[in-house]
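Here is the structure we will look at.
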Amino acid sequence: MFIMRMKLVNACIAAVLMTAAMPLRATNIVPVPHIIGQKLLLDIEDTVFHREYLLSACVSKTDHYKWMEVGTRPSTLHVRFEKVGERVYLRRINSTVTGNPSDTLSVQSIRDNYMDSYVIALPVEKAEGNGHITVDATELFLTDHVLSPFSWWFKQAKVSLRPELSHLSGCKSFDDNFSIRTVMSFTHDQPERHRPAVCSAEVVSSLLLLPEKKMRPRLADSRIGLFTTDKKLVDFEHSDYISDIEYVERWRVEPSDFEAWQRGEKVVPKKQIVFYIDNAFPESWKEPIRRGILDWNDAFERIGLKEVIAVHDYPTDDPAFDEDNLKYSCIRYIPTDRGGAQGPSWTDPATGEVLSASVYVWGLMPEIMSRYCYVQTAHANPAIRHGKFPEEQLAATIQFTIAHEIGHTLGLAHNMGGSSVYPTDSLQNADFVKQHGLTASTMDYIFYNYIVPVGNQDIPLMSTRLGDYDRMLIDFIYHPTPSASDIEADYAEVQKRLDVALENPYCHYGKQQWGNKNDPSALIYDLGDDPQKTGDLSISNLKYVLAHLEEWLPGGKHAALREKLYESIVEHYETLLRSVIHQIGGIRVNITDAQRNQHSEPLPRQLQHEALLWVARQLHQADWLNDRHLLSSLPLSAQYLPKTLNTLAGEIVQMAQNVALSSSISEKPYTLTDYAEDVYSRFFAIPDLTPADKIVQRALLTAVNKEDKKKADIDVSLFSEEDGTWSCLRQRINQQALQHIQKASANQQHWVIIKKLTE
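If you count by my numbering, then the sequence shown holds residues -3 to 755, one letter each, in order.
Laid out in structure tokens, this is it:
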């Protein structure tokens, strides 16, 4: 079935290539824009109607960066122009579904159900009779009817365009693209203090010609993390089902000399991937940015391709260059408080070919990363203790941050399992870390080695190297297959290489999890393969940092920084405990072949039991975070520990769902009864309550009460107890714990609340 499906895909691609190869007149194949007053005209020749384009809007300037972010492209459309009689239409191409061209029924059905959408009509201003017409495109570019400058998540306000405050401000035209610059203003219903209810942005809209000769797509493999262009295949001749097809998103990287490449020589590509670095960056940032980009050339050289990626500063003497034009790939500096960095790309929807990409680096990035660095390394990093990011460490941070984002632009998705393949003990070995780094993938979320012992100066605190997994993905995505006759043969060849590479345990892939997380080996910010040991080591280091915080950052001038660092210490503590909490009911997931067959392995019963005990022990001892002397100099809003304890207690209760699923597929399960008994014995049947214990008890009871009310939403077939976990736990509390809690509580009102919760 898989081979049959691939043959159908090959037929579809052949049809696309034949269509794209139609002979065209040697005339303009991109409309030519003109501005007359406040009217935008496009000169269009017949050849334009045979081609495909990407139409995109980029925010160039803004007065409301949270709604309209500079550098972002909220709107990108795959379009074509169509002439019908005396009218010209812009149509959005529907390329999400394809079929077998020889299957007339399928082709007609697809046309009927997935036709190209009509986007806008462009009134004809002049028709010369020789295939040349002029249309009015003012509505397309000077309204938000098609292209909007607002971020995709923008839903906070109702907005309406203010035409009298909007205008055309310029246009540029080239052989393969044009750009239109406009100023657009909107009235919104969320005015702020000292700000009018109007927001404006300067927007650059680009129309980029898509390749006439389409790149041969490469099929994705679900055992690794890739960005993909997804399609559906309909073919009634061979199947009543709609099949899913995924094309890898990748640049067209081809050897300039295939014969030399096949002889084993390293050759340059026919066309380089070129990134431009914003001149607005601090000068000291540019070199580490350049290194972070060029780090990936080493991975390409391993497959015989050299100098694949080139880096230049923004040119100052090239009138064609425009950072807002879709054609150019830029590393942009955005001096706002948004966050760290991001690396989106834009592709040909027909094949997944990456046409351009950008990396946004926000101005808040150094502050965010310096706090991570301080909290996670100050115990062994004297250079950061005064609160300023050391230049060398900032440079290394910029380098690995950029390398991560460039990985995204090359087609690599996150790999949250990269760190879990390294033994925790090995990360305390200097030679191992120097050779392998902190994680097997730079696409993981690992920044610093936070388990280095106090005062150690030998073990690296950070790493900028790519991992084995990263190099494996570059091989899979970009390895040339000149002997492959079609997409099926291409996939077979790279799949064989992947099969061999995956024998390396450092090439494990852990898919990023959203919502409830079942796999404890694929969590963000985790380090090493033993979260309990990692937690013990890191918490010991956190205690050291907290104990010296006022000594290292004394006086009122450092009060604001101490507050932020204290918050970050609590957040890191929470992350460490969360990594262990997810061992309760944890299921390690491995995708064993390209057809998504999964091997799901519940964690051993004893390990889950020990995980709950470990978390209970840490929460019992959590009062170390309440440094009263430190907190006395901070605002009341800095009392983060109670909130953290409440959050973690709620997550412990939520793990019942994971325990239910894990126990249902385990031969020797950690059951819901085991779980309830452990929760009771470790959080309630304890003799000496600390202040943290009281907070956790109250939070657990509150969470149980909430879960009990919504237990109908849980798949009760997975529960082994007839009455469910919550009834079991509440009964134990009612029968055996209330008297103890009453005695332990000095506050009578506290006792009344607890009794009410457990009734």
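Quick reminder that beta carbons are idealized off the backbone N, C-alpha and C, glycines included.
Treat the numbers as computed from the prediction; the structure is a model and nothing was measured.
Next on the checklist: Quick test of your reading: V179 and V120, contact by CB under 8 Å. State the CB separation rounded to the nearest angstrom.
Outcome noted: In fact, because the Cβ distance is near 27 Å, the residues do not count as touching under 8 Å.
Checklist entry - Whose C-beta lies closer than 7 Å to the C-beta of I25 among residues of the same chain, with five residues either side of it excluded? => result T43, V44, R47 and L205
Item to check | Beta-carbon gap between L406 and R246 smaller than 9 Å | outcome: yes
Next on the checklist: Taking the beta strand (DSSP E) that K228 belongs to, which residues open and close that run?
Outcome noted: T224 to V230
Checklist entry - To the nearest whole angstrom, what separates the beta carbons of A133 and L37, a pair I think is in contact under 8 Å? => result Contact check for A133 and L37: beta-carbon distance about 7 Å, within the 8 Å limit, so the pair qualifies.
Item to check | Best match in L203, F182 and S201 for proximity to A193 [C-alpha to C-alpha] | outcome: F182
Item to check | Coarse secondary structure for K707, derived from DSSP in three states | outcome: Because the pLDDT of K707 is 47, which lies under 50, any placement of that residue in the model is unreliable, and the question is left without a value.
Next on the checklist: Is the separation between the beta-carbon of A618 and that of V576 shorter than 9 Å?
Outcome noted: no
Checklist entry - Which residues in the same chain have their Cβ closer than 6 Å to the Cβ of L408, if we skip the five residues on either side of it in sequence? => result Excluding positions up to five away in sequence, the list reads M439 and L469.
Item to check | Simplified DSSP state of S481, which is helix, strand or coil | outcome: coil
Item to check | Beta-ladder partner(s) of Q338, from DSSP | outcome: Residue pairing for Q338: DSSP places it in a beta bridge opposite Y356.
Checklist entry - Which first and last residues belong to the alpha helix (DSSP H) in which Y474 is found? => result D464 to Y474
Checklist entry - Is the region 534 to 542 touching the region 667 to 686, taking contact as three or more C-beta pairs under 8 Å? => result no
Item to check | Sub-9 Å separation of S416 and A518 beta-carbons | outcome: In contact: S416 and A518 (Cβ atoms closer than 9 Å).
Checklist entry - Nearest CA to the CA of D185: which residue from N173, P550 and S156? => result Of the candidates N173, P550 and S156, the one whose C-alpha sits nearest the C-alpha of D185 is S156.
Checklist entry - Going by other Cβ atoms of all chains shown within 10 Å of its Cβ, with 16 needed for buried, is E718 buried or exposed? => result Since pLDDT at E718 reaches only 37, below the 50 mark, its modelled position is unreliable, and no value is offered.
Item to check | 4 or more residues per run - each alpha helix (DSSP H) lying fully within the region 66 to 136 | outcome: Within the region 66 to 136, the complete alpha helix (DSSP H) runs of at least 4 residues are 100 to 109.
Item to check | Cut-off 6 Å between Cβ atoms - residues of its own chain near P311, not counting five sequence neighbours on either side | outcome: F317
Checklist entry - Does DSSP put T343 in a helix, a strand or coil? => result T343: strand per DSSP, three-state reduction.
Checklist entry - What do you get for D313, buried or exposed, if any count of 16 or more other CB atoms within 10 angstroms of its CB means buried? => result exposed
Checklist entry - Within 10 angstroms of its Cβ, does V80 collect 16 or more other Cβ (buried), or is it exposed? => result exposed
Next on the checklist: In whole angstroms, give me the CA-to-CA distance for Q731 and V244.
Outcome noted: Per-residue confidence for Q731 stands at a pLDDT of 45, beneath the threshold of 50, marking its modelled position as unreliable; the derived number appears in the next sentence. So the two alpha carbons sit approximately 59 Å from each other.
Checklist entry - In this structure, does DSSP put Y441 in helix, strand or coil? => result coil
Checklist entry - Can the beta-carbon of R248 be found less than 9 Å from the beta-carbon of E349? => result Going by C-beta atoms, R248 is nearer than 9 Å to E349.
Checklist entry - Is the CB-CB distance between P478 and H578 below 9 Å? => result no
Checklist entry - Residue range of the beta strand (DSSP E) that G166 falls in? => result H163 to S169
Item to check | When I176, Q604, Q372 and Y562 are compared against L637, the one with the closest alpha-carbon | outcome: Y562
Next on the checklist: Under 8 Å, with one C-beta from each stretch per pair, do the region 288 to 298 and the region 452 to 468 reach the 3-pair mark?
Outcome noted: With a cut-off of 8 Å, the region 452 to 468 and the region 288 to 298 count as touching, because enough Cβ pairs lie within range.
Next on the checklist: Quick check: the Cα distance between A112 and Q104, rounded to an integer number of angstroms?
Outcome noted: Per the sequence presented here, residue 112 reads as Asp, with Ala not at that position. Each residue's Cα considered, the two are about 14 Å apart.
Item to check | Cα-Cα separation between A426 and S534, rounded to whole angstroms | outcome: Rounded to whole angstroms, A426 to S534 spans 17 Å at the Cα level.
Next on the checklist: Taking its Cβ as the centre, do 16 or more other Cβ atoms sit within 10 Å of Y370, making it buried, or is it exposed?
Outcome noted: buried
Next on the checklist: If I follow the unbroken beta strand (DSSP E) through S156, where does it start and stop?
Outcome noted: V155 to L157
Checklist entry - To the nearest angstrom, how far is it from the Cα of K707 to the Cα of L697? => result The predicted model places K707 with a pLDDT of 47, which falls under 50 and marks its position as unreliable; any figure quoted below should be read in that light. One C-alpha to the other measures close to 15 Å.
Checklist entry - Tell me which same chain residues have a C-beta within less than 6 Å of the C-beta of A379, skipping the five on either side of it? => result P386
Item to check | Selection from Y110, N96 and L143 that minimises the alpha carbon distance to L73 | outcome: L143
Item to check | P598 (DSSP reduced to helix, strand or coil) | outcome: strand
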